[in-house]
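Undergrad: From first to last, the protein sequence lines stand for chains A and S. 1406 is the number that this note's numbering gives the last residue of the first sequence; the numbers go up by one with no jumps. 469 is the number that this note's numbering gives the last residue of the second sequence; the numbers go up by one with no jumps. Note that beta-carbon positions come from the ideal geometry of N, C-alpha and C, so glycine has one too.
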Amino acid sequence: MFKKGIEGFPYYLGVNSLADVARREDRVCVLNILGGESRQVTPISHAFSGGNVVFGTSPGRQGQVLTTAIGDIPVYDNVRAGLDAGLRFNTGVVYLPPSAVRDGVAELIRVNPDLTKIVMITEKSSVHDAREIRALGQTNGIDIFGANCLGMADSWNRVRIGGALGGDNPEEVLLKGSIAIFSNSGGFTTTIAQYLATEGWGTTTLISSGKDVYIHYAARDFAHALKNDDRTRAAVLYAEPGGYYEQDVDFGKPVVACVVGRWKSKLTRAVGHAGAMAGSGDRAEDKERWFMESFGVEGIFTPEEPVASARGAVVTNIAHIPAALTAVMKLDGATPDFEPRGSLALKPWIANDQGLKLPRHLALPTIEAIAPYNRQIKALGQQIGAVIPRQTMKDRSGASLMDPKTQLTYVHGHSVLDLALEPLEANFALPLVHEIASENDRAMLDIAVAAEMNLVGDAALAAADAAREAGNSPNTVMAAAASIIGPRRIDRALRCSKTLIDLFAHSGLLDARDESFDTTAIKADHKTWAMFMATAAEADDPRPEAMLKAARDRGGRSLFLTFLQSRDGRPSRDAILAAISTTIAWGPLMRKRISRLTAETLPWYLRLYGVMIGASIPAKYHQRGSLCGIPREERFGKWTMAEFLFLALTGKKPTETEARPLQILIGLLISNGPGSISAQGAKGAVSADGPQTPDRVQINKAMVGFLTHCGYSHGGNGFEGMAFLLEQFKHVVLKDPADPNHGVDLKAMTTRFAEAYREDKSHAKEAGLAEPRALPGVHHPIFKGKPINHDPRERFIAEFIGKRGDYNVFHAFYRELVKALYDVGASPYVFCVNVDAVIAALLLALLWKDYRAGILADKDLETAAFNLFLYGRMIGAAAEIDDHLNRGRNMDTRTPLEQCGFVV
Amino acid sequence: MEMTGLQYGSRLLKYVDFPCAEVLGPEATEDEINALLARCGSVFVKPIFKGGVGKKGRSGLVGRANDLKAALREKERLYFAEHRVAHRVVKAQGVTFEGAVPATIEVYFSVMDSTQYRAPAMTLTHMGGVDIEELEQKHIAQVPFEALTGLKAFVVANALSDIDAPKEIISPLVQHLPKLWELMHHYGLTTLELNPIRMQPGPAGRLTPVACDFKCGFDRDDPRWQRLGLPDYLFAADTSDFEHEVNQLRTHQGQSDVFVINDTGTILAPTFGGGANSLVTEVLGEAAIISSDFGGNPPYEKMKEVARICYKHWLKQANVLFIIGGKSNNTDIYETFRAMGDALREHFSQQGPTPIYVVVGRGGPSLVRGMGALAEVCDSLNLPYRFFGFDSAISEVVNYAKKIDAWMRAEGRAVIAEKLGLKRSP
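Right under this line is the structure:
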């Protein structure tokens, strides 16, 4: 049963011409107008179409309005209420949820005798409802479009009805021309229109048909309206597999048909009779054949083989549609509607290969986007550095991660084992640049730290020494000095750093080492230069000149240092520190590896590094012009971080064989992840200051937080392993721990110890006493249970040392000891030698000669072990502080009340 | 979602009181089989396949037994039988024992929605029991009917007259077949096929149509089929853990079915738009891991969850994260890209980094904001990327992603892995 429509159709069809699909005079009622999708789409459609939406419905919201650029659209509870208010419409648009679509259609038809068209946008409505909707439309003589579609638009009439064809800016895509589009894909309806413009083709009517089982306005209906539309010279039809809608259709005008889905249909084809009945014969290949037969062509059109007739062409790639259309139209002598606009060539808008060298055919340079996107992308470029979303960072870190299986900690993606093999300068820079610093940047870091270490005349040294004399632990001594390096002590350096970033942010400078970069366009005002320059009060400070000379001596390159020296006058130490830190930060900042906040605060960390290391050296060694007797020029110009730290530990310059173990030791100690007490202290200190107002966070106080969360159990216990070894080697004649020909019978030593240990255990058991204290450096709760066990971190270091031909008798002792413990029955299997044993062995070997010579006492060894821990861990602490500062929320390390307990 | 066989088909037919052959499931005891043999004379033993699997008889996968011994032998043969249908291989999960129905006439009946008529249509022949495609058209009635009034007796009667069906079957079929429309239309079916319906003579010689096989498809967008109370596992055929998990999020607000194309593929391509999905799937071929359409302006939370599931299952093996779509009409690019970026960041936080190259081709509302948000994430994760706007041909962007994939296989993956600190795992 169907109402009689256009003559000759065995069903109802009302639209006679494409010009009537979306008319300027169509009046629209939108069901569920305040729904999520309609709320975004309808205002744009309404404004584009000159105000064609009469009213919308949303049950319970009568009286509300939907605001648009050209005025509000009234909202009624239901269709009848809108009609009762005197409003009239001929087109219904359905944005209802799937289960309500059928009823919405029925209601539109029931209450509105003026209705001629319905557009159903909703997707995933049931086939059951689609059957009935089809019947409703046919019985009542209503043209229905969709469902699961984006409606229709008309570039001539400047009308859009239903969905969002043309997106949020229809004018950009709906260019007046002579081509109609009918597409199973809503997205491609717009995309095809946009592609056509690249060959100079504009559009008349665009219909997104949907791709449900029931396509209510289908290809046959479109073909009829196409023939009767004088504006339209040809059409593009996009079809996917499934359904017989396109079979035996006479389009009457040239058509380019795009059929996509051969591969997909292979995957989705139903099997079995019922499925076969519904699906056989309507695959992508079948549809290609229907069109080829209709157009009288024998192949698919491609740019290489442009198969086309005056009736049409078939393509399987939408990018080929414009060329195919031009070819078809050319056979009919027709020319495009306007000059081609743009091209479909690959145009990367935004790219970052993160410093990787891609093959040339892949490393496509970015191309300026079309307006207005080019302006938006440029605005994005104004934002330099990474932007990191804030979140609760309690017990979490974006800087460090300990792998529970391997017990290996990673800092910014680098395992501490790898870091142990890197130069210390790279490790000290890592928390702040999040990558391994270049050789140039490492040299810069050496200079910056060297310039801060000698604290002669500084209150920080007085505070540290007072703390030392009061009997405090090494971490407390360091904390006293760090407390002095508060915001005012770094204020100018931070301002200089911020200003340098401001000046060069959009200059195009990518590599801070590029001293040939033209800085003539960089304009700093008088006030800025005054900030950069040393004041009269700083006239006696020799360090600025020494730092600049050191940079030259080391061959360091820095555009920022060059810039500071481009003016007459004497740059201040703060400005030089800022220039150095900006040099180090610039590459990662431009590559968005670090935030601007990190780059701006970098001078504070560098100063703290120097002060904290300097504070671990007793005051008497800080002299004007020299530290531990080493002249300023030598330290600034030549020394490395490993040498500074060895100097701080021993008061001496290390040999190369002494510097390497120190570097390994510090690398291993950098971090144990965010759960370690020291990391918690640093994070808590940042959290308490409130990272959401980063200017108020005192980075020195955060370092103090780290330091106060170290102690004799966490940091100071590094001495335990050394003490154990000292006890074992107390009566052993050992001149050089690095000499493999030491003459010590390690096997006998360890066997004696193991037997005694076994006896102690046995007695303790018999007497019901606790077992003897666990042996430091032996066994691990994770690496256990196998016949022979290894701590992978110990193995890594052992292999590295072995490959270099180095030897360490204390390490060898440990290896023998675990075997002996098993051999005598003191352990159920061969325990692992853990990483703490390696640390103890390496450090004791470094200090052994001075210890045996009486230069160092037991207490000195303990202090050295503690300081060594602090040197390594200050790197990890800096990483956590910077991370929490960038990511954290105010007071986010609090423990919720319900997780707190009371104990009696 | 398809179902075949009488194990559950008989239950559905009971809802509309349509006669059906007696059937026992795989759990049938020997006594029950013996009793069925006693009543029916012989039994057909058929393997149970999940989903829509046809052509069993032609593949020798239907056994007939006249005694218990033979029935058990057939059970043993068919219980885990493998069946190749086109490119698919399925494995049986048990057998049914179906009582033989004596008859001389077999009828084929199906009802489905015809895209030629844009209406439901019945297909009927009195020469059933064979593949319908093999029959001459003159023996087949294919008749559309009105959805609002349904399959009425006169539609069946007219059709049977048109194909000169034997007179004795007309009345029984006119009486019983309209019931099947009730099953089709009111329980969310998209297709229903009974072949054969055997016309069993009764004591007075009157024939009764008895369904001896059952096939149907369900509309997953229609909640009516859930009234049938069928067990979920029936529809779990060929569904991977990933598909099951991600398709839980399928609602009318975006996201069509997502399925795995190649579980050893190397391009993870969240795709937006049905057209883009077809094109991308076509061009990527075996390199694609999944086929998806996440368009329809999904809200942030949903998009993030979808991305989370995709990353969880596939990112580790992927060389390229390829986010691709045409110029979206309505989907907010900022929301979707922000969601996918945040999910990526969280994935890296929880699972550690993995070497991927990110390629994007997209257009639509808030495009540059979206690209900016995603670029921020890639930068912070140290991942290389290249984003194309909608003025690059989508097919060319797909080809670019394939070239990146090839480079990743050759050397890129190792290079990026090293950059991410993944070079050594002790």
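Please report the Cβ distance between A:F1138 and A:A1036, rounded to the nearest whole angstrom; I am assuming they are in contact, meaning their Cβ atoms lie under 8 Å.
TA: Numbered from its first residue, the first sequence carries residue 1138 of chain A at position 636. Numbered from its first residue, the first sequence carries residue 1036 of chain A at position 534. Not confirmed; about 17 Å, so no contact.
Undergrad: Tell me, please, which residues DSSP counts as bridged to A:P459.
TA: For residue 459 of chain A there is no data in the structure shown, the boundaries of chain A being 503 and 1406.
Undergrad: Kindly indicate the opening and closing residues of the beta strand (DSSP E) around S:P90.
TA: Along the second sequence, one-based indexing puts residue 90 of chain S at 47. V86 to P90 is the span of the beta strand (DSSP E), which, as asked, contains S:P90.
Undergrad: For the alpha helix (DSSP H) that contains A:R1054, what are its first and last residues?
TA: Numbered from its first residue, the first sequence carries residue 1054 of chain A at position 552. Where A:R1054 is concerned, the enclosing alpha helix (DSSP H) stretches over R1045 to D1055.
Undergrad: Under DSSP, the beta strand (DSSP E) around A:G1220 begins and ends at which residues?
TA: As a first step, residue 1220 of chain A is located in the first sequence; it is residue number 718 there, counting from the start. Element bounds for A:G1220: not the beta strand (DSSP E) but the alpha helix (DSSP H), G1220 to Q1230.
Undergrad: Only counting runs of 3 or more residues, tell me where the beta strand (DSSP E) segments fall wholly within the segment 176-261 of chain S, in order along the chain.
TA: 184-187, 232-244, 250-254 and 258-261
Undergrad: Under 9 Å between beta-carbons, which chain S residues line up against A:I949? List them in chain order, please.
TA: Residue 949 of chain A sits at position 447 when you count from the first residue of the first sequence. Within chain S, not a single residue places a beta-carbon under 9 Å from that of A:I949; the smallest gap is close to 28 Å.
Undergrad: Can you tell me which of the three DSSP states S:G464 falls into?
TA: In the second sequence, the residue the question calls residue 464 of chain S occupies position 421. Correct three-state label for S:G464: coil.
Undergrad: For the beta strand (DSSP E) containing A:A736, name the first residue and the last one.
TA: Along the first sequence, one-based indexing puts residue 736 of chain A at 234. Where A:A736 is concerned, the enclosing beta strand (DSSP E) stretches over A736 to A741.
Undergrad: With a threshold of 8 Å between beta carbons, is A:L820 in contact with chain S?
TA: The residue given as residue 820 of chain A occupies position 318 in the first sequence. First, the residue type needs correcting, since residue 820 of chain A is Ile and not Leu in the sequence shown. Closer than 8 Å to some Cβ of chain S, the Cβ of A:I820 qualifies, so yes.
Undergrad: For S:S53, name the three-state secondary structure that DSSP assigns.
TA: As a position in the second sequence, residue 53 of chain S is number 10, starting the count at 1. Of the three classes helix, strand and coil, the one that applies to S:S53 here is helix, per DSSP.
Undergrad: With a threshold of 16 other CB atoms inside 10 Å of the CB of S:H126, please say whether the residue is buried or exposed.
TA: By one-based count along the second sequence, residue 126 of chain S stands at place 83. Buried, because 16 or more other Cβ atoms sit within 10 Å of the Cβ of S:H126.
Undergrad: Would you mind working out which of S:D275, S:T309, S:G369 and S:F430 sits nearest S:M46, comparing C-alpha positions?
TA: Within the second sequence, numbered from 1, the residue matching residue 46 of chain S stands at position 3. Nearest option by C-alpha distance: S:D275.
Undergrad: Is the closest heavy atom of the ligand ATP to the C-beta of A:H1216 under 7 Å?
TA: The model on display carries no ligand, and the ligand ATP is accordingly not part of it.
Undergrad: Please report whether the beta-carbon of S:Y443 lies at a distance below 8 Å from any beta-carbon of chain A.
TA: Position 400 of the second sequence, counted from the first residue, corresponds to residue 443 of chain S. So, interface residue.
Undergrad: How far does the alpha helix (DSSP H) with A:V1352 in it extend, from its first residue to its last?
TA: Start at 1 with the first residue of the first sequence, and residue 1352 of chain A comes out as number 850. Per the sequence shown, residue 1352 of chain A should be read as Asp rather than Val. A:D1352 -> alpha helix (DSSP H) spans V1337 to R1354.
Undergrad: Return the chain-ordered list of same chain residues with a C-beta closer than 8 Å to the C-beta of A:T978, the five sequence neighbours on each side being excluded.
TA: As a first step, residue 978 of chain A is located in the first sequence; it is residue number 476 there, counting from the start. A969, L1209 and T1210, listed in sequence order.
Undergrad: Would you mind sorting A:A1250 into buried or exposed? The rule is 16 or more other CB atoms within 10 Å of its CB.
TA: Position 748 of the first sequence, counting from 1, holds the residue named residue 1250 of chain A. With fewer than 16 Cβ atoms within 10 Å of its Cβ, A:A1250 is classed as exposed.
Undergrad: Looking at the unbroken beta strand (DSSP E) that takes in S:M46, where does it start and where does it end?
TA: In the second sequence, residue 46 of chain S corresponds to position 3, counting from 1. Here the beta strand (DSSP E) through S:M46 covers E45 to T47.
Undergrad: Contact check, A:M480 vs A:V523 under 8 Å by CB: the rounded distance?
TA: Limits of chain A in this structure are 503 at one end and 1406 at the other, which puts residue 480 of chain A out of reach.
Undergrad: When Cβ atoms are compared, which residues of the segment 189-209 of chain S fall closer than 7 Å to chain A?
TA: E189, A190 and L191
Undergrad: Any residues in the segment 1258-1286 of chain A with a beta carbon nearer than 9 Å to a beta carbon of chain S? Which ones, in chain order?
TA: none
Undergrad: Taking only beta-carbon positions, decide if A:R764 is within less than 8 Å of chain S.
TA: Numbered from its first residue, the first sequence carries residue 764 of chain A at position 262. Closer than 8 Å: yes.
Undergrad: Starting from the N-terminal side, write out each stretch of the alpha helix (DSSP H) that is 4 residues or longer and does not extend beyond the segment 1124-1211 of chain A.
TA: Within the segment 1124-1211 of chain A, the complete alpha helix (DSSP H) runs of at least 4 residues are 1134-1140, 1143-1152, 1158-1170, 1179-1191 and 1201-1210.
Undergrad: What are the start and end residues of the beta strand (DSSP E) that includes S:R405?
TA: For the purposes of this step, residue 405 of chain S is taken as the residue at position 362 of the second sequence. First-last of the beta strand (DSSP E) with S:R405: Y400 to G406.
Undergrad: Mind listing the chain A neighbours of S:Q159? Cutoff is C-beta to C-beta under 9 Å, in chain order.
TA: Here residue 159 of chain S refers to the residue found at position 116 when the second sequence is read from its first residue. Those are G745, Y746, Y747 and Q749, listed as they occur along chain A.
Undergrad: Excluding the 5 residues preceding and the 5 following A:D1262 in the sequence, name in chain order all residues of the same chain whose CB lies nearer than 8 Å to its CB.
TA: Within the first sequence, numbered from 1, the residue matching residue 1262 of chain A stands at position 760. Only P1274 meet the Cβ criterion.
Undergrad: Expressed to the nearest angstrom, what Euclidean distance is found between the alpha-carbon atoms of A:P933 and A:A1342?
TA: Taking the first residue of the first sequence as 1, we reach residue 933 of chain A at position 431. Taking the first residue of the first sequence as 1, we reach residue 1342 of chain A at position 840. The alpha-carbon atoms of A:P933 and A:A1342 are separated by roughly 26 Å.
Undergrad: By how many angstroms is the C-alpha of A:V799 removed from the C-alpha of A:S811?
TA: Along the first sequence, one-based indexing puts residue 811 of chain A at 309. Along the first sequence, one-based indexing puts residue 799 of chain A at 297. The alpha-carbon atoms of A:S811 and A:V799 are separated by roughly 6 Å.
Undergrad: What runs of the alpha helix (DSSP H), each 4 residues or longer, lie entirely inside the segment 1074-1108 of chain A?
TA: 1075-1092
Undergrad: Can you check whether the C-beta of A:P1046 is within less than 8 Å of a C-beta belonging to chain S?
TA: Counting from 1 along the first sequence, the entry for residue 1046 of chain A is found at position 544. It does not; no Cβ of chain S falls within 8 Å.
Undergrad: With DSSP as the reference, label A:D1013 as helix, strand or coil.
TA: On the first sequence, residue 1013 of chain A is found 511 positions in, with the first residue counted as 1. Residue state for A:D1013 is assigned as coil, using DSSP reduced to three classes.
Undergrad: With three or more C-beta pairs closer than 8 Å as the rule, is the segment 506-524 of chain A touching the segment 533-543 of chain A?
TA: no
Undergrad: Hey, is A:W1141's beta-carbon within less than 8 Å of any beta-carbon in chain S?
TA: The count along the first sequence starts at 1 and reaches residue 1141 of chain A at position 639. No, A:W1141 lies away from the interface with chain S (no Cβ there is under 8 Å from its Cβ).
Undergrad: If I follow the unbroken alpha helix (DSSP H) through A:S985, where does it start and stop?
TA: The residue you call residue 985 of chain A lines up with position 483 of the first sequence. Note, A:S985: alpha helix (DSSP H), P976 to I986.
Undergrad: When you compare the CB of A:G588 with every CB in chain S, is at least one pair closer than 8 Å?
TA: Translated into the one-based positions of the first sequence, residue 588 of chain A becomes position 86. No, A:G588 does not count as interfacial toward chain S.
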